[in-house]
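Student: From first to last, the protein sequence lines stand for chains E and V. Quick note: my numbering has the first sequence finishing at residue 194, numbered continuously throughout. Quick note: my numbering has the second sequence finishing at residue 194, numbered continuously throughout.
Protein chains: 2
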Amino acid sequence: MQINIQSDGLPIYQQIANQIRYRIAARNLKPGDEVPSIRSLAESLRVNPNTVARAYRELETEGMLEKRRTKGTYVAEQDHQQSIRQRARQLEPHLDTLIMYAVQLGLSLDHVTEQLRERIEVLEKRRTKNKEDLA
Amino acid sequence: MQINIQSDGLPIYQQIANQIRYRIAARNLKPGDEVPSIRSLAESLRVNPNTVARAYRELETEGMLEKRRTKGTYVAEQDHQQSIRQRARQLEPHLDTLIMYAVQLGLSLDHVTEQLRERIEVLEKRRTKNKEDLA
DNA sequence: ATCTCTGTATTAATCCAATAGTACAGTTGC
DNA sequence: GCAACTGTACTATTGGATTAATACAGAGAT
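1) Would you say the region 150-160 of chain E touches the region 104-114 of chain E, given that touching needs at least three Cβ pairs under 8 Å?
2) Pairing CB atoms from the region 168-183 of chain V with CB atoms from the region 169-183 of chain E, are three or more of them under 8 Å?
3) From E:121, E:67, E:164, E:103, pick the residue whose C-alpha is nearest to that of residue 84 of chain E; which is it?
4) Rounded to the nearest angstrom, what separates residue 158 of chain V and residue 174 of chain E at their Cα positions?
5) Report the three-state DSSP secondary structure of residue 171 of chain V (helix, strand or coil).
6) What are the residues in the region 95-108 of chain V lying within 7 Å of chain E by C-beta distance?
7) Do you know offhand how far residue 90 of chain E's Cα is from residue 103 of chain E's?
8) Against residue 73 of chain E, what residues of chain V qualify as contacts under a CB-to-CB distance less than 8 Å, listed in chain order?
9) What does the Cβ neighbour count give for residue 124 of chain E, buried or exposed, with the cut at 16 atoms within 10 Å?
10) Please identify the residue among V:126, V:66, V:187 whose C-alpha is closest to the C-alpha of residue 97 of chain V.
11) Taking beta-carbon pairs under 8 Å, can you tell me which members of the region 155-167 of chain E lie near chain V?
12) Tell me which residues share the same chain as residue 76 of chain V and place their Cβ nearer than 6 Å to its Cβ, disregarding the 5 neighbours each side in the sequence.
13) Compute the beta-carbon to beta-carbon distance between residue 162 of chain E and residue 88 of chain E, rounded to the nearest angstrom, for a pair I have assumed lies under 8 Å.
14) At 8 Å on the CB atoms, spell out the chain V contacts of residue 77 of chain E, in chain order.
15) Please name the residue, chosen from E:67, E:63, E:130, that lies closest to residue 101 of chain E on a Cα-to-Cα basis.
16) So what's residue 184 of chain V in DSSP terms, helix, strand or just coil?
17) If we count the other Cβ atoms within 10 Å of its Cβ and call it buried at 16 or more, is residue 61 of chain E buried or exposed?
18) Using 8 Å as the threshold, is the C-beta distance between residue 132 of chain E and residue 94 of chain E below it?
19) Considering only the beta carbon of each residue, do residue 164 of chain E and residue 146 of chain V sit closer than 8 Å?
20) How would you label residue 74 of chain E, buried or exposed, when you count the other beta carbons within 10 angstroms and need 16 or more for buried?
21) Give me the subset of the region 117-136 of chain V whose CB atoms are less than 7 Å from a CB atom of chain E, sorted by chain position.
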């Protein structure tokens with residue numbers, strides 16, 4: 060498993076969790092697939108087993124992974140895959156954080172939704188432009 | 060100046076900054092108003108001057124406050140008041156963070172805007188309900 | 001001049017999250 | 001039984017962020 064660790068401030072265990080989360084979302088990893096064992100991944104990243112364990116534990120709590128003791132760790136079968144609702148619930152605290160910031164900046168909430176829409180447009184355009192550049 | 064400090068994990072200097080930011084946004088503090096001196100506020104909160112100084116420095120960077128050396132610290136005249144654009148720019152990194160989370164959760168960006176809209180509605184209702192309860 | 005008020009700078013103590021070191025416990029297959 | 005693999009638990013180190021202690025520097029009032 061190709062995981063890139065950078066010393067860019069973001070904790071290692073989160074970098075691992077993010078990258079696996081992303082692969083699952085992109086269906087690059089599918090339900091039932093086995094992910095590297097804690098020890099082997101720790102070894103290949105030259106990182107302590109506990110660090111990988113923490114990433115896996117977090118993903119397990121989210122219902123992304125499923126540990127089978129003495130067997131290994133696998134991408135969970137159901138849960139996150141079909142249930143958008145569950146994932147949406149995980150996004151909620153981040154929404155609240157954003158709203159809190161907006162309130163503190165004295166920005167109206169209508170303004171925030173509008174600004175978010177605009178920001179997404181910008182990012183989308185950038186993304187499609189990159190694809191064109193590659194073609 | 061009535062500032063409440065709680066030991067709830069949020070750093071003291073941020074609690075101070077937040078509360079002042081909020082008052083300015085609510086026009087409870089107006090441009091030109093003087094805020095308590097670093098030393099006096101520090102004393103009344105039983106906190107180190109540097110802690111208050113840090114809050115003020117942050118607000119100054121944001122263009123909210125304006126220090127006049129040997130005079131005191133004042134709510135800035137222009138800047139934040141009329142320029143929504145400036146405040147919006149400060150919100151941008153938070154928008155990006157939210158978008159990043161959404162992508163990692165495999166949620167479409169349209170979904171995010173929709174969920175944000177819904178979340179805001181909930182909070183708005185809760186807010187108006189509280190007002191009714193008080194009446 | 002000196003007292004008293006501004007904000008500032010430097011260094012030290014403290015605390016906590018992240019990570020490592022290392023030993024433990026269960027299962028499987030030889 | 002024992003080797004080789006799973007995930008886990010416990011303790012120690014470290015590094016960074018927060019806060020404190022304390023001293024500094026400028027301006028105004030008396």
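C-beta: ideal position from N, C-alpha, C; glycine also. None of the values given here were measured: they were computed from a predicted structure.
Tutor: So, to answer that:
1) no
2) yes
3) E:121
4) 12 Å
5) helix
6) none
7) 23 Å
8) Ordered by position in chain V, no residue passes the 8 Å Cβ test against residue 73 of chain E, which lies about 10 Å from the chain.
9) buried
10) V:126
11) 155, 156, 157, 158, 160, 161, 162, 163, 164, 165, 166
12) 114, 117, 118
13) Actually they are not in contact, since the Cβ atoms of residue 162 of chain E and residue 88 of chain E sit about 38 Å apart, beyond 8 Å.
14) 163
15) E:63
16) helix
17) exposed
18) yes
19) yes
20) buried
21) none
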